[in-house]
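Letter by letter, the sequence shown follows residues -25 to -1, 1 to 292 in mature numbering (1 follows the signal peptide of the UniProt record, and there is no 0). Accompanying notes for the structure given below.
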Amino acid sequence: MRLRVLRSFLFILTLSSLFVDVSVSISFPPAVGLQIARQFPLWLRFIRSSKLLSSFWNKLKSFFTFKELKLGDIAKGLSNVKDYLDLFGYLNSTSHSNFSDYFTLDLQSAIIKYQKNFNLNVTGKLDRNTYNVISRPRCGVPDVVNGTTTMNLGASNTTSFKPWWKEGKRELTYAFHPENNVTNGVRLLFRDAFDRWSNVTLLKFTETTRFNGSDVKIAFVVFDGKGGAVGVTDTDYSEHVGNVYLDSEEEWVVLGENEDGDVDLESVVMHLVGHVLGLGHSSVEEAVMYPIVSKEKTEFALDDLQRIHQIYGVNSK
Ligand SMILES: [Zn+2]
């Protein structure tokens, strides 16, 4: 009898061990010696003055003591929401700074555009649902480029993409910044992400140890602390280089389930490589190209496939 109890106990113990959270999350030593590309998009300019960006996210978070705001209202800290909407292309600002705390018409139309992109109720107000999306970690690439949204119009909105790599090239190399000391596990994770994209494009990706000579340069750099923006990309047509920057201070999950606040590395890598290959953001929450960070998401949604097929043809291999 005792033996049976013991056996049952061992069985339950073994069974439960299968469900134990084996998640491993890591931060990376940042590539401090990295020379960021000469043509700085707005985000990369912020990266250079990361103290500013870090305080921006903290101010934005502290503003979310919830109170619904509408046209004509004044609220201390509302300028931070304008900064956020400006960073992601929603405000047609030329100065990109010194926003007021007034709820202006410009802000209202930016919020309407934002709500449409994220399939929220289009109220034109800063309401709870809108706050909830704004406050989540996300990709640093803008949703709206030169006044045109990359989202919510379905696959037909994919812009005609011109490769930044040398014409006719089908085999691209990628490399990690040496200061990041990435482990073999992380290399495999990137390998897997590149392979998934390779399956739906004409392209082949191979890792190289020559960072400076590689087509896609990958670097973990200091951004804005945990949360906020988790990664951003940049392509340089004159140098034929695609850059993938990731936030070295996130709690990156490389294996297993992610807990609150942790970010699944492979999902973000999949997303950023999608940008390098010419895709913009998607409004479809299940899509790899949805800009807000969620749980693990490494499988393409129909929307991702439709967009990539528009550029590269249907399974072009
Ligand atoms: Zn993105």
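Glycine is no exception: its CB is placed at the ideal position from the N, C-alpha and C atoms. These numbers come from a predicted model, not from an experiment.
message = Less than 8 Å between the C-beta atoms of Lys192 and Glu226, yes or no?
response = Here residue 192 refers to the residue found at position 217 when the sequence shown is read from its first residue. Here residue 226 refers to the residue found at position 251 when the sequence shown is read from its first residue. In this structure, Glu226 does not lie closer than 8 Å to Lys192 by Cβ.
ask   = Does the beta-carbon of Tyr212 have 16 or more other beta-carbons within 10 angstroms, so that it is buried, or is it exposed?
value = Within the sequence shown, numbered from 1, the residue matching residue 212 stands at position 237. So Tyr212 counts as exposed.
key: Near ligand 1: Val116 beta-carbon under 7 Å from a heavy atom   = For the purposes of this step, residue 116 is taken as residue 141 along the sequence shown, with counting starting at 1. Yes - ligand 1 has a heavy atom lying nearer than 7 Å to the Cβ of Val116.
key: Proximity test, Pro266 beta-carbon vs ligand 1 heavy atom, cut-off 7 Å   = By one-based count along the sequence shown, residue 266 stands at place 291. Result yes, Cβ under 7 Å from ligand 1.
ask   = When the Cα atoms are used, what is the spatial distance from Pro153 to Thr98?
value = Numbered from its first residue, the sequence shown carries residue 153 at position 178. Numbered from its first residue, the sequence shown carries residue 98 at position 123. Looking at the two C-alpha atoms, the distance is approximately 48 Å.
query = Which residue spans inside the region 35 to 76 form an unbroken beta strand (DSSP E) run of at least 3?
reply = Correct list: empty.
request  = Take Asp58 and list the residues in its own chain whose beta-carbon comes closer than 7 Å to its own, dropping the five residues that flank it on each side.
outcome  = Numbered from its first residue, the sequence shown carries residue 58 at position 83. In chain order, Phe31 and Phe74 place their CB closer than 7 Å to the CB of Asp58, counting only its own chain and leaving out the 5 sequence neighbours on each side.
ask   = What residues match up with Ile267 in a beta bridge as DSSP calls it?
value = For the purposes of this step, residue 267 is identified with residue 292 of the sequence shown, where counting begins at 1. In the DSSP output, where bridge partners are listed per residue, Ile267 has Arg113.
Gln14 (DSSP reduced to helix, strand or coil) = As a first step, residue 14 is located in the sequence shown; it is residue number 39 there, counting from the start. At Gln14 the pLDDT is 47, less than 50, meaning the model places this residue with poor confidence; the figure from the coordinates comes in the next sentence. Correct three-state label for Gln14: coil.
task = With hydrogens ignored, establish whether the beta-carbon of His152 is closer than 7 Å to any heavy atom of ligand 1.
result = Locating residue 152 in the sequence shown gives position 177, where the first residue counts as 1. No, ligand 1 has no heavy atom inside 7 Å of this Cβ.
inquiry  = On the DSSP letters alone, give me the boundaries of the alpha helix (DSSP H) that Asp278 sits inside.
reply    = In the sequence shown, the residue the question calls residue 278 occupies position 303. Where Asp278 is concerned, the enclosing alpha helix (DSSP H) stretches over Leu277 to Tyr287.
inquiry  = Rounding to the nearest angstrom, what Cα-Cα distance links Pro4 and Val251 in this structure?
reply    = Counting from 1 along the sequence shown, the entry for residue 4 is found at position 29. Counting from 1 along the sequence shown, the entry for residue 251 is found at position 276. Those two C-alpha atoms are separated by around 23 Å.
request  = Consult DSSP for Tyr212 and reduce its assignment to one of helix, strand or coil.
outcome  = Position 237 of the sequence shown holds residue 212. Coil.
inquiry  = What does the alpha-carbon distance come out to for the pair Leu62 and Asp48?
reply    = Counted from its first residue, the sequence shown places residue 62 at position 87. Counted from its first residue, the sequence shown places residue 48 at position 73. Computed Cα separation, rounded: 22 Å.
request  = Kindly identify the DSSP beta-bridge partner or partners of residue 377.
outcome  = No information on residue 377 is available, as it lies outside the stretch -25 to 292 that the chain covers here.
Three-state secondary structure (DSSP) of Glu274 = Counting from one through the sequence shown, the residue named residue 274 turns up at place 299. Under the three-state reduction of DSSP, Glu274 is assigned to coil, being neither helix nor strand.
task = Could you please give the first and the last residue of the uninterrupted alpha helix (DSSP H) stretch that includes Phe3?
result = Sequence index remark: in the sequence shown, residue 3 carries index 28 (1-based). Element bounds for Phe3: n/a, residue is neither H nor E.
ask   = Counting pairs of Cβ atoms below 8 Å between the region 112 to 125 and the region 260 to 278, do you hit three or more?
value = Taking one beta carbon from each stretch, the region 112 to 125 and the region 260 to 278 have 3 or more pairs nearer than 8 Å; the two touch.
request  = Determine the direct distance from the alpha carbon of Ala204 to that of Arg171, and round the result to whole angstroms.
outcome  = For the purposes of this step, residue 171 is taken as the residue at position 196 of the sequence shown. For the purposes of this step, residue 204 is taken as the residue at position 229 of the sequence shown. One alpha carbon belongs to Arg171, the other to Ala204, and they sit about 24 Å apart.
query = Sorted by chain position, which residues of the same chain lie with C-beta nearer than 6 Å to Glu261's C-beta, five sequence neighbours on each side aside?
reply = Numbered from its first residue, the sequence shown carries residue 261 at position 286. Within the same chain, Ala276 come within 6 Å of Glu261 by CB-CB distance, once the 5 residues on both sides are set aside.
key: Gly206 vs Asp222 beta-carbon contact at 8 Å   = Within the sequence shown, residue 206 is the residue found at index 231, counting from 1. Within the sequence shown, residue 222 is the residue found at index 247, counting from 1. Yes; because the gap between Cβ atoms is below 8 Å, this pair is in contact.
query = Quick one: what does DSSP say Thr105 is sitting in, helix, strand or coil?
reply = If you number the sequence shown from 1, residue 105 lands on position 130. Taken through DSSP and simplified to helix, strand or coil, Thr105 comes out as helix.
ask   = Mind pulling the alpha helix (DSSP H) runs of 4 or more residues that sit fully within the region 134 to 199?
value = Taken in chain order, the complete alpha helix (DSSP H) segments of 4 residues or longer contained in the region 134 to 199 are 159 to 173.
query = Should His215 be counted as a contact of ligand 2 given a C-beta to heavy atom distance under 7 Å?
reply = In the structure shown, ligand 2 is absent; the only ligands present are ligand 1.
message = What does the alpha-carbon distance come out to for the pair Lys137 and Gly253?
response = For the purposes of this step, residue 137 is taken as residue 162 along the sequence shown, with counting starting at 1. For the purposes of this step, residue 253 is taken as residue 278 along the sequence shown, with counting starting at 1. Gly253 has its alpha-carbon roughly 8 Å from the corresponding atom of Lys137.
ask   = Would you report the Cα separation of Gly228 and Lys270, rounded to the nearest angstrom?
value = Looking up residue 228 in the sequence shown gives position 253. Looking up residue 270 in the sequence shown gives position 295. The question names Gly, but residue 228 in the sequence shown is Val. When rounded, the distance between both Cα atoms is 10 Å.
ask   = If Lys88 and Thr124 are in contact, beta carbons under 8 Å, what's the gap, nearest whole angstrom?
value = Numbered from 1 along the sequence shown, position 113 holds the residue referred to as residue 88. Numbered from 1 along the sequence shown, position 149 holds the residue referred to as residue 124. Between Thr124 and Lys88 the Cβ distance is about 7 Å, and since that is below 8 Å, they are a contact.
inquiry  = Could you give the first and the last residue of the continuous beta strand (DSSP E) run that contains Val229?
reply    = Numbered from its first residue, the sequence shown carries residue 229 at position 254. Bounds of the beta strand (DSSP E) holding Val229 are Trp227 to Leu230.
task = Quick one: measure Cβ to Cβ for Thr148 and Asp209, integer angstroms, because I've assumed they're closer than 8 Å.
result = On the sequence shown, position 173 is the one that residue 148 refers to. On the sequence shown, position 234 is the one that residue 209 refers to. In this structure Thr148 is not in contact with Asp209, their Cβ atoms being roughly 17 Å apart against a cut-off of 8 Å.
ask   = Helix or strand or just coil, what does DSSP make of Asp239?
value = Start at 1 with the first residue of the sequence shown, and residue 239 comes out as number 264. Here Asp239 carries a strand assignment [DSSP, helix/strand/coil].
request  = Please name the residue, chosen from Val175, Glu214 and Val219, that lies closest to Glu274 on a Cα-to-Cα basis.
outcome  = As a working note, residue 274 is residue 299 in the sequence shown. Selected option, being the one with the closest Cα: Val175.
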